[in-house]
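Participant: According to the working numbering, the stretch in the sequence shown is residues 1458 to 1877, in order. For each residue, glycine too, the CB sits at the ideal point set by N, CA and C.
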Amino acid sequence: MAAETPLIDLDRPSPEPPDDGAVVRSRPALLLIVLVTVLLAVGGSAPARPGLTPVLALDEPVTAAELSGGSLFLAAPDEVRRYALPSGARQWSRRFDLAVQALWIDPASGVLLVLAAGGEERLTALEAATGRPLWTEESAGTMVIALSRGGVLTQEGANGEGALRMLDAHTGRTLWTRDVDPAGFLGPDELFQGGGSPWIVAVGATGGVALLSYADGHEIARGNLELGSPPPSADRSLPSNSVSISVVGDRLYVSRRVRGEASLTAYSIRPLAPLWRAVGGPIGSVSDCGPVLCVADTRWVSGVDPAGGAVRWQQPSWGIAYRYDGDRLFAYDNQEEAQAALIDAGTGRELRPLGHSRQLGRLILRTDGDRTLVSVPDEATGDLRTAGSMVDVAAFRCQIGGDYLLCPTLRGVTAVWRVR
């Protein structure tokens, strides 16, 4: 199917619903799915062209969605469904007696986890391929951190006591538990992004550090940062006499301001041992920016030498930056209507202004009025190539999975595009 084929006209307002209610109101969504499916089947033999191709649209309330393995897993208020992509064919559906609030998918184990609530909270694991229920448990007071590698990592805490618990994704059986300080820090960030870390770093309010294996919970290393008070925080705002913890790879970074003195200290975590301490430089949240560490405080972002903490560059124009590729960073300023740019990782120099944009994996979504442009890296030039545009989407709620982009629109439609 050609990329320019207008399957969904998002520029035209949705028709007024008829008076006979919800049953009739669901028909436009069905017609859209059938239309997309038929056109894809007719054009299925043609080679895919670079661009942005709409493949599915649903005109109904959606409470959660996950893209994975060429499928869309979608939650309506009382139902979870799986759609095949790019055909848009519904593969299964499963109804719930509580309102569905969140979904997690683990492609490795083939398990879909559903959080439903309404007077009580309940976790239910489904077989992703068929929708068959695997197990259910009450989950009040439980936070799901990650579903990954066949395990469900949760955190529970009350009255100053907390624990991490790993469940078998297929059976719900508890595999291991570890006590942690509920007021402390858990990292690294990859832990909360699909469980993509081999270990868990837990830092207590007074500085006790435990390095745990993600797989079986055993203690790999232990130490103490001797923080005293206040408790560590992942917040990038650092008032007087404060502490912030960051974990990047196999390094732990402590940003401190005590009686006006600012310091950034790097530690190895296996074992926990100080590597270097830089005084008087930038402090704040620390992240991997390729050749430098990005340190973002309440004013601007700085590039710091990972080997010793020396400041390589500071960028007062930008408040925070994230790694985009090997040489470039995606940076935001501190304005309420944030502007963005690509900057050079080694020097902090601005390479390309991007206006009101958001980075989403390899994609950059740039909003101009009611239109959002979708850009991808151009392998031939090394620059950005515009794949296409979307109209009236809530870009801050978009998500990606493989070659697919999902965005809710301001008209209540949830749409999926294929990006090439």
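Which stretch, first to last residue, makes up the beta strand (DSSP E) that contains V1435?
Facilitator: No statement about residue 1435 is possible, as the shown extent of the chain runs from 1458 to 1877 and does not include it.
Participant: Buried or exposed, going by whether 16 or more other CB atoms sit within 10 Å of the CB of M1623?
Facilitator: Around the CB of M1623, 16 or more other CB atoms lie within 10 Å, so the residue is classed as buried.
Participant: In three-state DSSP terms, what is F1649?
Facilitator: helix
Participant: Quick one: Cα of P1731 to Cα of Y1789, how far?
Facilitator: 31 Å
Participant: Measure the beta-carbon distance from I1702 to A1719 and round it to whole angstroms, keeping in mind my assumption that it falls under 8 Å.
Facilitator: That belief does not hold up - the Cβ atoms of I1702 and A1719 are roughly 15 Å apart, past 8 Å.
Participant: Alpha carbon to alpha carbon, how far is E1676 from L1669? Give it in angstroms, no decimals.
Facilitator: Note on geometry: alpha-carbon atoms of L1669 and E1676 lie some 5 Å from one another.
Participant: Among E1647, W1770, G1653 and P1639, which residue has its Cα nearest to the Cα of T1663?
Facilitator: Of the candidates E1647, W1770, G1653 and P1639, the one whose C-alpha sits nearest the C-alpha of T1663 is P1639.
Participant: Looking at the strands, I want to know which residues DSSP matches up with D1625.
Facilitator: DSSP lists G1608 as partners of D1625.
Participant: Helix, strand or coil for R1589? Go by DSSP, reduced to three states.
Facilitator: DSSP, read as helix, strand or coil, puts R1589 in coil.
Participant: Which parts of the segment 1724 to 1804 are runs of the beta strand (DSSP E), unbroken and 3 residues or longer, counting only runs that do not cross its ends?
Facilitator: Runs of the beta strand (DSSP E) lying entirely within the segment 1724 to 1804, each at least 3 residues long, are 1729 to 1736, 1742 to 1746, 1749 to 1753, 1758 to 1761, 1768 to 1772, 1777 to 1780, 1785 to 1789 and 1797 to 1801 in chain order.
Participant: Buried or exposed, going by whether 16 or more other CB atoms sit within 10 Å of the CB of S1550?
Facilitator: Around the beta carbon of S1550, fewer than 16 other beta carbons sit within 10 angstroms, so the residue counts as exposed.
Participant: My output table needs one value for R1539: the three-state DSSP class, helix, strand or coil.
Facilitator: strand
Participant: Would you decide whether A1565 is buried or exposed? Buried here means 16 or more other CB atoms lie within 10 Å of its CB.
Facilitator: Exposed is the label assigned to A1565, since fewer than 16 other Cβ atoms lie within 10 Å of its Cβ.
Participant: Output the boundary residues of the beta strand (DSSP E) element that contains D1825.
Facilitator: L1820 to D1825
Participant: Along the chain, where does the beta strand (DSSP E) that runs through N1698 open and close?
Facilitator: Premise fails: N1698 is in no beta strand (DSSP E) and is neither H nor E.
Participant: Since A1872 sits in a beta bridge, which residues does DSSP pair it with?
Facilitator: A1514 and C1864
Participant: Would you decide whether A1667 is buried or exposed? Buried here means 16 or more other CB atoms lie within 10 Å of its CB.
Facilitator: buried
Participant: With burial defined as no fewer than 16 other Cβ atoms inside 10 Å of the residue's Cβ, what is the status of T1628: buried or exposed?
Facilitator: By the 10 Å Cβ count, T1628 comes out exposed.
Participant: Please list the terminal residues of the continuous beta strand (DSSP E) segment that includes E1807.
Facilitator: E1807 to G1812
Participant: Can you tell me where the beta strand (DSSP E) holding Y1710 begins and where it ends?
Facilitator: R1708 to V1715
Participant: Put A1603 into one of helix, strand or coil per three-state DSSP.
Facilitator: strand
Participant: Whole angstroms are fine: how far does the CA of V1512 sit from the CA of V1499?
Facilitator: Residue confidence for V1499 is low, a pLDDT of 35 falling below 50, so the modelled location carries little weight; the figure read from the coordinates is stated next. The straight-line gap from Cα to Cα measures roughly 13 Å.
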